[in-house]
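Asker: What follows is a single structure, and I will ask about it in a moment.
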Amino acid sequence: MADRVVKKQNEKVTELSFCPPVPWIQNNDWPVCCDDYMTYIGEWEREDFIKNSTNGDGLSLLKELLIDELKNNVESYEALWADLGYETAAFVFKCSKCGNKVVLCQDY
605 MADRVVKKQN
615 EKVTELSFCP
625 PVPWIQNNDW
635 PVCCDDYMTY
645 IGEWEREDFI
655 KNSTNGDGLS
665 LLKELLIDEL
675 KNNVESYEAL
685 WADLGYETAA
695 FVFKCSKCGN
705 KVVLCQDY
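Residues in the sequence shown are numbered consecutively from 605, following my numbering.
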């Protein structure tokens, strides 16, 4: 059983090598969904969140997509929003199975 797990992990890591590189600022915290690594979509700025929202409210989309582990650490979403593209990078990932998107923010 352990050999199968290691083999599966190695297959997934190899698969990730074909994804676009993530310009990590801090940790390499690749998100997982549906028992698989998510696909890196790219780095989004405020305009990308506005464009991809259904009602033009990019800040609400950022709040919705922010990875759960970071939601409790945000002191001010308005400050986070204002800092996108400056000291904060927003990396967007999508699950290839369910289509769920998440945002992982990192600071310089």
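The beta carbon of each residue, even a glycine, is placed where N, CA and C say it ideally should be.
Computed from a predicted model, the values in this text were never measured in an experiment.
If we count the other Cβ atoms within 10 Å of its Cβ and call it buried at 16 or more, is Ala-683 buried or exposed?
Answerer: By one-based count along the sequence shown, residue 683 stands at place 79. Answer is exposed; the Cβ neighbour count stays below 16.
Asker: Helix, strand or coil: which one does DSSP assign to Val-696?
Answerer: Your numbering for residue 696 matches position 92 in the sequence shown. Residue state, collapsed to three classes: strand.
Asker: Are the beta-carbon atoms belonging to Val-696 and Leu-663 less than 9 Å from one another?
Answerer: Numbered from its first residue, the sequence shown carries residue 696 at position 92. Numbered from its first residue, the sequence shown carries residue 663 at position 59. The answer is no: Cβ separation not under 9 Å.
Asker: Where do the ends of the beta strand (DSSP E) carrying Trp-648 lie?
Answerer: Here the question's residue 648 lines up with position 44 in the sequence shown. Looking at the DSSP string, the run of the beta strand (DSSP E) that includes Trp-648 is 643-648.
Asker: Please name the residue, chosen from Cys-702, Asp-607, Val-678, Ser-700, that lies closest to Leu-708 on a Cα-to-Cα basis.
Answerer: Counted from its first residue, the sequence shown places residue 708 at position 104. Nearest of Cys-702, Asp-607, Val-678, Ser-700 to Leu-708, Cα basis: Val-678.
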